[in-house]
Amino acid sequence: MKPTDSAAPASRLRRLVVPALPATIVTVAGLALATGVIVTLGEGDALFPGATVGWSLAILTGIIVGHLVALGRDRWWGGTGSGAALALAVLLLYGWVPAVLVSLSVVVLVGAARRHRWRQAVVHGAVDILGLGTAALGLAAFGVASSVRHPWAPSSWNLSVLPEVVVTAAGYLLVSRGLLWVSLTPRTGQLPAIPRTAVVRQALVGIALLGIAPLIVVCAVHAPLLLPLFAVPLIALDSTLWIARARAEEQLRDPLTGLPNRQWLLERTWTALDDAERVGARSALVLIDLDRFRSVNDTLGHLAGDRLLLQIADRLRHALPRGAEAARLGGDEFAVLLPTTDSLTSSQRAARNLVAALGSPLDLDGLTLVLEASAGVAVFPDHALDAEGLLRRADVAMYQAKRDRSGVELYEAKRDGNTPDRLGLLGDLRRALDAGDVELHYQPKVGFDGHVAGLEALVRWVHPDRGRVPPDEFIAIAESSGLMPRLTEYVLETALAQVARWRAMGLEVPVAVNVSPRDVHSPGFAGAVAARLARHRVPPGALQLEITEHVLLEDPQRAADTLAGLTAHGVKMSLDDFGTGYSSLVHLRRLPVSELKIDRSFVARLAVDTEDAEIVRCTLDLAHSLGLLVVAEGVEDDETWERLRDLGCDAVQGWLVAAAMPPDETTAWLRARGERGWQRESETAALAAEKAAERPSGQVLN
709 MKPTDSAAPA SRLRRLVVPA LPATIVTVAG LALATGVIVT LGEGDALFPG
759 ATVGWSLAIL TGIIVGHLVA LGRDRWWGGT GSGAALALAV LLLYGWVPAV
809 LVSLSVVVLV GAARRHRWRQ AVVHGAVDIL GLGTAALGLA AFGVASSVRH
859 PWAPSSWNLS VLPEVVVTAA GYLLVSRGLL WVSLTPRTGQ LPAIPRTAVV
909 RQALVGIALL GIAPLIVVCA VHAPLLLPLF AVPLIALDST LWIARARAEE
959 QLRDPLTGLP NRQWLLERTW TALDDAERVG ARSALVLIDL DRFRSVNDTL
1009 GHLAGDRLLL QIADRLRHAL PRGAEAARLG GDEFAVLLPT TDSLTSSQRA
1059 ARNLVAALGS PLDLDGLTLV LEASAGVAVF PDHALDAEGL LRRADVAMYQ
1109 AKRDRSGVEL YEAKRDGNTP DRLGLLGDLR RALDAGDVEL HYQPKVGFDG
1159 HVAGLEALVR WVHPDRGRVP PDEFIAIAES SGLMPRLTEY VLETALAQVA
1209 RWRAMGLEVP VAVNVSPRDV HSPGFAGAVA ARLARHRVPP GALQLEITEH
1259 VLLEDPQRAA DTLAGLTAHG VKMSLDDFGT GYSSLVHLRR LPVSELKIDR
1309 SFVARLAVDT EDAEIVRCTL DLAHSLGLLV VAEGVEDDET WERLRDLGCD
1359 AVQGWLVAAA MPPDETTAWL RARGERGWQR ESETAALAAE KAAERPSGQV
1409 LN
């Protein structure tokens, strides 16, 4: 199971060795082999034993090669026990040159059978030559110089030969495997998981060498015809090592898609960051999450969802940029590592291409599905200097893309609710809510006849050290941290208590409170609102809840059910910031709202921008055709007021009427306009001038 082409052993080897090392190894090994062959032939010795023992060794070697080819594994990655044990046995018995021929037979023939790996086979054959040469030097240190003409023949097989075998095996393993791992360890000083497990496997190989190689030597001397039977324990050894390797790799793979998992991604990212730092390059991590995938599981079942994830994983593999690597982190969340990237812009562009590839139609049992995805991008060293930080900040950017429905977002520190500064602000906000230090101000909504249609409760917070904190800032922190339900509860409780006080004064004016999508999607929200109304003895018609179009995006049906429950209790609903979201008319028709508020971004340029004016006109026609009242936000001048009146708008809200005021000021404002309603200053001045003109000359008002 290959997670991606770039994660396969071949490309691991390319990262494994520095560029000059393979050529050096091959050159040195080639010179050593040529020298050994020349010296052996010059001394009149044979390169390989003949007669029965030679043919038996050749047959045994052929069986091992056939087994490796049939199994389809790469002998040079992680090592095998069979070829190493056989090569060491031949080294002990007949010397370095025959052992090299056996090793090359295994390495090169297996590599040739897998044609696209022949370059790696040459490198690893050269590594084995150097490893066997080191083992031969270790054996020579004990005065042993075996050859085909003079095989190794210990005087007795007892503990006295153990040091020779141990030193020979250790030298072979340390040099051959050490060269392969020399550049794999990142500068963090910790081996990744696969090399760590490879070290364990090589320890098992060493034990096998100690146990099997001397037995092969004894059998070759006394019963050479039985040598092919050693294929059974040698193949069993290989199978045991590969099973251990497969289990180790399974811990780094997603069992459904075969893609690497989170642990693998973090370890590979550490290596990529180390490489990028060394050459002064950038590296990027893209976190991808499928939008509304849960609805597929709920509607079609989890088995269908799994088949869909398999298609997504396959599509992601084919859409990867050159050199990129993909992983599945769990559920419908995937990650793509860009080991090298030119700039922040190119990283974001690569993420957009991936999102676009995943967004094309998918076929599932004859059903065509279109799943959109959201992606967050974090870049080293701009956004984080370690793998964990890069993953966390890509996650922050991804959730921002989900909230904004923008598809792809690049990490921005100012939008991260988890920076130390914002975490401190979050703690202060929680304490302020507990202490009741967060205030509500109220901004009026008035009709064109001057009637006060209602008030909107707007939350305000004055920090003891920072001063006034912008609402957008601390509300964003509350939404990203899970504090939003607590804030909504506080605002509802405070607003309803104030409504009760106003009603006791005879000021019966409805108050609107903003609620977030998370509130609407919370089970039991409608019942909790009804309970608060009853506790404060406020009639449901005195409360209006304002929602945004984002409430429709995640789960339209659940949102509709909650809103229907609220309206069943008598609570009125208003759709806020209309025109800035992505809702369809179908969703708008299904929502039980009685009021629609046009966002200030369209109202502000109504008098000077014909396109905005047309948007406002169409919105008014649409809302009125559905029986909805329309309130325009952000009205700040007389000209905008008059244009809205001419277009048939029902009410306005903005600084032209009044800014948001504390409760006491709001009370005074309501009392002052209780009888005659609200009037613009220009109308008040004109009325005063008209009355003055009607008074007889010289009359003085008392």
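Here this note's numbering is used: the first residue of the sequence shown is 709, the next is one more, and so on.
Cβ atoms here follow ideal geometry from the backbone N, Cα and C, with glycine treated the same way.
Since the model is a prediction, treat every value here as computed from it, not as a measurement.
CB-CB length for S1082 against D1173, believed under 8 Å: Incorrect: roughly 36 Å between the Cβ atoms, too far for contact.
P1218 versus P1179, Q1151, A759 and S947, residue with shortest Cα-Cα distance: Q1151
Alpha carbon of Y802 to alpha carbon of I951, nearest angstrom: 32 Å
Cβ-heavy atom distance, G744 to the ligand MN, below 7 Å: This structure lacks the ligand MN, and indeed carries no ligand of any kind.
Other residues of its chain near L1037: CB distance less than 6 Å, five sequence neighbours each side excluded: R970 and A1043
Counterpart residues of N997 in DSSP-defined beta bridges: Strictly speaking, residue 997 in this sequence is Asp, with Asn absent from that position. The partner list for D997 (beta bridge, DSSP) reads E1041 and S1082.
Pair within 8 Å by beta-carbon distance, L935 and A928: yes
H1277: first and last residue of the uninterrupted alpha helix (DSSP H) it sits in: Element bounds for H1277: n/a, residue is neither H nor E.
Extent of the continuous alpha helix (DSSP H) to which W978 belongs: R970 to V987
Neighbour-count burial assignment, G839, 16 or more Cβ in a 10 Å radius: buried
Residue from A849, N866 and A853 whose Cα sits closest to the Cα of G879: A849
Beta-carbon spacing of G1115, D1358 below 8 Å: no
Outcome for M1213 when other beta-carbon atoms lying within 10 angstroms are tallied against a minimum of 16: exposed
Residues sharing a beta bridge with T1076, DSSP: D1071
Three-state class that DSSP yields for L1093 in the structure shown: coil
Close beta carbons around S884, own chain, < 6 Å, minus the five adjacent residues each side: V835, D836 and G839
Through-space distance from S1309 to A1340, alpha-carbon basis: 10 Å
Close beta carbons around G1342, own chain, < 7 Å, minus the five adjacent residues each side: R1308, V1311, A1312 and G1362
CA-to-CA distance, P1193 to E1303, given in whole angstroms: 24 Å
Beta strand (DSSP E) segment containing G1175, residue limits: G1175 to V1177
Span separating the alpha-carbon of V815 from that of A807: 12 Å
R986 to T1270 span [Cα, whole Å]: 55 Å
Presumed contact (8 Å Cβ cut-off) between H1159 and D1136, rounded CB distance: Contact flag wrong, Cβ pair sits at about 40 Å.
Range covered by the alpha helix (DSSP H) that runs through A795: S790 to Y802
Three-way DSSP call (helix, strand, coil) for G752 in this model: coil
Through-space distance from P1047 to A1058, alpha-carbon basis: 12 Å
For L1195 and H1258, the rounded distance between their alpha carbons: 18 Å
Cα-Cα separation between T1053 and D1320, rounded to whole angstroms: 31 Å
Cβ-Cβ separation, D1071 to L995 (assumed contact under 8 Å), whole Å: Contact doesn't hold; Cβ gap of about 26 Å is too wide.
Inter-residue Cα distance where the pair is L1328 and L1099: 45 Å
In chain order, each alpha helix (DSSP H) run of at least 4 residues that lies wholly inside the stretch 1308–1335: 1308–1311 and 1318–1333
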